[in-house]
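Numbering (the working numbering), first residue to last: 229 to 865. Each residue gets a CB set at the ideal place from its N, CA and C atoms; glycine is no exception. Structure record follows, encoded as structure tokens.
Here's what the structure looks like:
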């Protein structure tokens with residue numbers, strides 16, 4: 229029985245096909261690149277599986293991809309003798325878009341053809357690029373190791389449904405025939421196809437062949453007979469693994485095309501490094517820094533890692549063991565001579581060779597970024613805008629390289645009060661005041677909240693630079709990055725400001741005098757606020773604000789509490805230290821208040837204001853509004 233069935237496409241596929249069929253994409257030739265790339269991947273996968281079961285080769289171990297055309301029929305056929313697909317595999321892979329990012333694909337469409345064409349491979353929809361030029365697509369496939377009568381025929385006109393039928397196919401692998409639309413017959417021209425293969429697929433290690441017709445017997449100029457030749461399939465690409473060639477023989481264009489092949493990114497890479505290591509471990513690596521972040525970089529299920537080859541034999545995609553998580557944006561491959569061909573993910577986890585390779589590759593990527601930052605600040609800023617938040621995970625994950633990662637970080641700062649994150653820790657240290665031994669920073673909900681925080685008042689007055697942090701990950705970062713090049717990182721919202729020698733004797737004497745004179749006021753406020761605060765002190769950090777709250781040394785900061793609560797984690801109850809500025813008119817007015825109830829209300833109002841300024845919200849805002857209104861009414865009497 230043929231078991232013919234008709235299936236409907238997944239909803240998102242219908243939308244996608246509609247877009248492609250109506251020529252949204254201007255760069256139409258990419259269909260061939262995608263289909264050839266998929267065919268080469270199928271051959272790579274068969275080669276790997278055949279390491280443990282060479283019966284899968286079925287007596288034909290010469291893997292190749294073949295491209296042919298029929299001008300009269302207006303068809304282009306891409307065939308391979310790779311792993312092939314089963315009936316279930318065909319329905320799953322050719323009827324749905326497996327990635328969960330389909331909606332993101334549509335959200336990213338801008339309507340500008342050249343930009344939108346770059347999204348195809350990035351979202352795992354490469355096969356459907358066939359419909360850019362085809363009015364009908366027919367797929368015949370048989371999985372390696374399956375019987376000849378278990379092959380599958382899939383066909384669709386891209387109008388919302390597809391047919392699947394069980395057929396007979398003598399050879400394993402997949403054959404895709406595109407019935408070109410009338411206006412796309414240029415792609416039935418052999419010369420056109422050859423030029424596309426040379427442009428996009430030269431680096432693929434599987435031969436991409438086209439048929440070269442034979443010559444009939446003919447007569448030469450001198451009357452001698454020239455024997456007839458048979459037509460043969462000839463490779464159109466170099467068919468040598470690009471990473472095995474000498475760097476001097478590879479052009480930038482070839483490197484970029486190879487990057488697009490392995491990453492399914494249609495933008496050029498920002499930077500790359502091709503390196504061959506000999507000695508204790510022998511391996512070749514080719515790693516790329518992308519120019520743009522993938523849509524799912526922060527998705528927990530996002531697959532990352534390098535392609536792993538062992539002695540030029542493809543072993544696995546996304547071998548995450550060779551690259552730490554904070555460098556998950558790095559694309560590329562590693563070809564090792566020191567791993568067994570039958571390597572598995574479990575072996576990789578515990579293999580000392582793997583750990584050594586990981587260390588070497590990590591240092592190479594960090595070195596690439598350091599050179600980029602040093603030699604091209606503008607390019608590095610574009611990298612930082614895309615991947616900075618991921619790199620900030622590094623100090624917590626990679627203790628051995630903490631200092632190097634810290635040197636790559638960029639922050640906003642009071643140096644120019646700009647929200648642009650362009651300041652490095654090295655630049656901060658260069659601008660430090662004489663006698664300054666700490667790197668001061670503040671973490672807040674937003675840049676505006678950070679730059680306008682009352683905690684910066686004294687530091688601004690003294691001209692001391694403060695790093696302004698407002699990303700969600702920043703609190704996590706500074707909990708693991710406590711110093712840089714011998715300089716301690718110090719939060720201006722925690723404990724004492726610790727200005728050290730930056731505070732001259734006259735300042736200290738004046739501060740001590742104010743504290744002594746305000747002892748009585750401090751005790752009254754302590755009594756009035758009772759258990760709402762852990763302590764009341766005279767501030768050393770305010771000049772224009774009446775009061776602020778600070779976190780004690782060793783206590784959890786406001787931002788960390790928010791992170792814990794957002795993650796659903798229990799947070800221990802903590803009370804802030806309340807710091808007052810006795811020279812502020814409001815506090816002077818408070819000091820002269822004889823009515824103890826009014827004194828307590830004013831004290832509470834100042835505390836609530838300070839908490840609101842620090843946290844951005846209050847646990848009981850209605851009580852704060854009620855108290856504010858009450859105090860306003862009292863002031864009118």
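Within 9 Å, strictly: CB atoms of residue 172 and residue 673: No answer is possible for residue 172: it lies beyond the span of the chain, which begins at 229 and ends at 865.
Residue 878 (DSSP reduced to helix, strand or coil): The structure shown does not extend to residue 878, since the chain spans only 229 to 865, so no value can be given for it.
Classification of residue 627 by the beta-carbon crowding that lies within 10 angstroms, buried from 16 upward: exposed
Straight-line gap, residue 515 to residue 704 (C-alpha atoms, nearest Å): 28 Å
Stretch-stretch touch, CB-based, cutoff 8 Å, three pairs: the region 435 to 442 with the region 307 to 322: no
Assumed close pair residue 513, residue 560 - CB separation to whole angstroms, cut-off 8 Å: 7 Å
From 664, 633, 623 and 668, residue whose alpha carbon lies closest to that of residue 642: 668
DSSP-derived helix/strand/coil call for residue 284: helix
Helix, strand or coil at residue 861 [DSSP, three-state]: helix
Through-space distance from residue 268 to residue 480, alpha-carbon basis: 22 Å
Cα-Cα separation, residue 394 to residue 285: 22 Å
Helix, strand or coil at residue 812 [DSSP, three-state]: coil
Same chain, Cβ closer than 6 Å to residue 372, five either side skipped, listed in chain order: 274, 284, 311, 312 and 400
Cβ separation of residue 289 and residue 407, assumed to be a contact under 8 Å, to the nearest whole Å: Not a contact, Cβ separation roughly 32 Å.
Nearest-angstrom Cα separation, counted from residue 792 out to residue 798: 7 Å
For residue 584 and residue 761, the rounded distance between their alpha carbons: 52 Å
Cβ distance (whole Å) where residue 785 is taken to contact residue 721 below 8 Å: 7 Å
Enclosing alpha helix (DSSP H) for residue 719 [first to last residue]: Not the alpha helix (DSSP H): residue 719 falls in the beta strand (DSSP E), residues 715 to 719.
Residue 840: first and last residue of the uninterrupted alpha helix (DSSP H) it sits in: 824 to 843
For residue 584, the first and last residue of its enclosing alpha helix (DSSP H): 580 to 603
Unbroken alpha helix (DSSP H) run spanning residue 422, endpoints: 418 to 428
Nearest-angstrom Cα separation, counted from residue 767 out to residue 829: 21 Å
Stretch-stretch touch, CB-based, cutoff 8 Å, three pairs: the region 446 to 456 with the region 480 to 497: no
The region 671 to 685 touching the region 586 to 600, judged by at least three CB pairs closer than 8 Å: no
Straight-line gap, residue 605 to residue 805 (C-alpha atoms, nearest Å): 42 Å
Burial state of residue 710, where buried means 16 or more other Cβ atoms lie within 10 Å: exposed
Pick from 827, 769 and 396 that is closest to residue 374, judged by C-alpha positions: 396
Nearest-angstrom Cα separation, counted from residue 655 out to residue 429: 44 Å
Three-state secondary structure assigned by DSSP to residue 362: strand
From 851, 670, 602 and 744, residue whose alpha carbon lies closest to that of residue 778: 670
Candidates 257, 308 and 391, of which the one nearest residue 294 by Cα: 308
Helix, strand or coil at residue 415 [DSSP, three-state]: helix
Option nearest residue 687 by Cα separation, candidates 603, 362 and 730: 730
Neighbourhood of residue 816 by C-beta, 8 Å cutoff - its chain only, sequence neighbours within 5 removed: 810
Where residue 376 falls, given that 16 or more other Cβ within 10 Å makes a residue buried: exposed
Outcome for residue 488 when other beta-carbon atoms lying within 10 angstroms are tallied against a minimum of 16: buried
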